Amino acid sequence: MSKLTGITFFALVFLAGCSTTPPQSPLDWSETNAVVKPVVIQTNKPVAPSAHTNSTVAVHTNPPPVIVPKPAPAPPVVTWTSLENWATEHKTGKPHRITDSPTTTYAIASTNGVMVLGIGSLGATWNGIEINLGFAPEFIDGELFLNGLDLKKNLEPLLCAPPLTFSTNRIIVIDPGHGGSNTGTHSVLDGHFEKEFTLDWAKRLKPMLETNGWTVFLTRTSDVYVTNADRVTFAETHHADLFISLHFNAPGNNDEKANGLETYCITPTGMPSTLTRTFADPWYENLPNNHFDAQNLQLAVRVQSSLLRAIGMEDRGVRRSRFDTVLRGQNRPAILIEGGYLSNPAEAKLIESADYRQKLAEALAAALK
Ligand SMILES: [Zn+2]
Numbered sequence: 000m001s002k003l004t005g006i007t008f009f010a011l012v013f014l015a016g017c018s019t020t021p022p023q024s025p026l027d028w029s030e031t032n033a034v035v036k037p038v039v040i041q042t043n044k045p046v047a048p049s050a051h052t053n054s055t056v057a058v059h060t061n062p063p064p065v066i067v068p069k070p071a072p073a074p075p076v077v078t079w080t081s082l083e084n085w086a087t088e089h090k091t092g093k094p095h096r097i098t099d100s101p102t103t104t105y106a107i108a109s110t111n112g113v114m115v116l117g118i119g120s121l122g123a124t125w126n127g128i129e130i131n132l133g134f135a136p137e138f139i140d141g142e143l144f145l146n147g148l149d150l151k152k153n154l155e156p157l158l159c160a161p162p163l164t165f166s167t168n169r170i171i172v173i174d175p176g177h178g179g180s181n182t183g184t185h186s187v188l189d190g191h192f193e194k195e196f197t198l199d200w201a202k203r204l205k206p207m208l209e210t211n212g213w214t215v216f217l218t219r220t221s222d223v224y225v226t227n228a229d230r231v232t233f234a235e236t237h238h239a240d241l242f243i244s245l246h247f248n249a250p251g252n253n254d255e256k257a258n259g260l261e262t263y264c265i266t267p268t269g270m271p272s273t274l275t276r277t278f279a280d281p282w283y284e285n286l287p288n289n290h291f292d293a294q295n296l297q298l299a300v301r302v303q304s305s306l307l308r309a310i311g312m313e314d315r316g317v318r319r320s321r322f323d324t325v326l327r328g329q330n331r332p333a334i335l336i337e338g339g340y341l342s343n344p345a346e347a348k349l350i351e352s353a354d355y356r357q358k359l360a361e362a363l364a365a366a367l368k
């Protein structure tokens, strides 16, 4: 995303908030050595109601209700920090330019691993796994700059934080996606439903996790309908330390070529999502699960990496979204895995094989050891 589109993005989301109030005190995402970019603030003009010309529409003589707009939250101050200065401050290795083609690309390493970033690109990799930044890195005065939110929410958890560890006797809720009348998507080969394959994956996974010391609860153990809200409540009442939702994929446009594996976690507040589908993407939402941004990302990269190693599928990356209602309200680290495309004939054939689902279960159990 260019500087201009970045600024435009904030102007647009601010407009979407329908506010006429001035910005309040900025949220504190600033870093030392930060460059503060201006945020374009615009206000909505009132729109005149259109007149009903259809004579069958009843004429209302009462005055229209007065709508008092809710004050929108303040747009974030967009700060950009020199990656070299950040690296010194956080005691990681210095960023190194590794190529100029097709885009200028840098690598930055710590004892945890290596991140590769491209100028002008939202895509990045962490130890070879695709991840997604919220804002594309930029050159400012000949130096590589990153958005402060990416430094805090993407680089710090991966490069600086101690790796995720799991003690024994911990509780995990595994959520086989869909169930009952909520069938999920279906196999392009023979119409078998996603809900059947997610339940089988979960049932294979449960004893493996138990062997590794986890106490495991499944949100459903048969073909029953469970609301997303009940799945969140289930994790809460079982005092889960971790929540993992299992799904298989299909694109909105039924493109049979879409393929690969992806893992989702909630978008950090202030950051645009990787995927929005047809939903709004309110950057200002501070969701319960945002308390676990760092662990969510660490868990997601670990799981995505383990699954890819086991099944050798296309890496569609660790992605951020806000609309997954099974994740939004979770008071614990939580991720959602899409274990391949049922709309893709080759992947549907794999997903329909017990051997593939066994591999998925083994790889997920291995990631949680
Ligand atoms: Zn699904």
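Residue numbers (numbering that gives the first Met the number 0): 0 to 368. All C-beta atoms in this analysis are idealised placements derived from N, C-alpha and C, irrespective of residue type, glycine included. Every value quoted in this text rests on a predicted model; they were computed, and no experiment measured them.
Rounding to the nearest angstrom, what Cα-Cα distance links residue i and residue j in this structure?
i    : j    : result
N330 : F144 : 33 angstroms
P156 : N111 : 10 angstroms
V215 : I173 : 7 angstroms
T232 : S180 : 20 angstroms
T184 : N211 : 32 angstroms
N131 : T104 : 15 angstroms
L260 : E337 : 6 angstroms
L274 : D280 : 9 angstroms
W282 : P267 : 8 angstroms
D292 : L306 : 21 angstroms
M312 : L298 : 19 angstroms
D354 : V325 : 28 angstroms
Y340 : D140 : 44 angstroms
K151 : L158 : 11 angstroms
P22  : G269 : Summary for P22: the model assigns pLDDT 32, below 50, so the residue's position carries little reliability; its value from the coordinates is reported in the next sentence. The straight-line gap from Cα to Cα measures roughly 15 angstroms.
A345 : H191 : 15 angstroms
V223 : T102 : 49 angstroms
A257 : R315 : 10 angstroms
E284 : K368 : 33 angstroms
F278 : A347 : 27 angstroms
V243 : S100 : Reading the sequence as shown, one finds Ile at residue 243 and not Val. Spanning the two alpha carbons is a distance of roughly 38 angstroms.
G119 : M207 : 42 angstroms
A160 : R276 : 31 angstroms
L198 : G251 : 23 angstroms
N227 : A364 : 24 angstroms
F138 : S109 : 22 angstroms
Beta-carbon separation of residue i and residue j under 9 angstroms?
i    : j    : result
V317 : I128 : yes
H237 : G176 : no
R356 : I265 : no
L241 : F165 : yes
G178 : V77  : no
G133 : R319 : yes
P271 : N295 : no
R343 : E255 : The displayed chain sequence assigns Asn, not Arg, to residue 343. Yes, they are a contact pair.
A123 : N153 : yes
W369 : L359 : Examination of residue 369 is not possible in this model, given that the chain is present from 0 through 368 alone.
R230 : N288 : no
I310 : L349 : yes
Can you check DSSP and say which residues form a bridge with residue i?
i    : result
W125 : M114 and I128
S166 : DSSP output for S166 lists no bridge partner at all.
Y224 : Note: Y224 sits in no beta bridge, so no partner.
V317 : T262
E361 : None, per the DSSP bridge assignment.
F138 : L143
Y340 : N248
L241 : I171
A333 : F242
L296 : Note: L296 sits in no beta bridge, so no partner.
F216 : V172
W200 : None, per the DSSP bridge assignment.
T375 : The structure shown does not extend to residue 375, since the chain is modelled only from 0 to 368, so the question has no answer here.
Between which residues of its own chain and residue i is the CB-CB distance below 7 angstroms, once the five residues before and five after are set aside?
i    : result
T220 : none
D149 : L132, G133 and F134
L121 : M0, N131, L132 and A135
E351 : S186, L188 and H191
V225 : G178, T218 and R219
V113 : A106 and N126
Quick check on residue i - is its C-beta less than 9 angstroms from some C-beta in chain E?
i    : result
Y283 : This model lacks chain E altogether; it includes just one protein chain.
Near residue i, which residues of its chain fall below 6 angstroms by C-beta distance, leaving aside the five closest residues on each side in sequence?
i    : result
Q303 : I128, T262 and V317
P162 : none
K194 : H177, G178, T182 and G183
A366 : R301, V302 and S305
K205 : V215
A249 : T184, L341 and S342
CB-CB under 8 angstroms to residue i, same chain, minus the five flanking residues each way: which ones, in chain order?
i    : result
E83  : K93, P94, E142 and L143
A86  : G92, K93, P94 and I107
I97  : T104, Y105, A106 and V115
E209 : V215
H290 : N330
R308 : A362
Residues whose Cβ lies closer than 6 angstroms to any heavy atom of ligand 1, in chain order: Residues flagged by the Cβ proximity filter: G176, H177, G183, E193 and H246.
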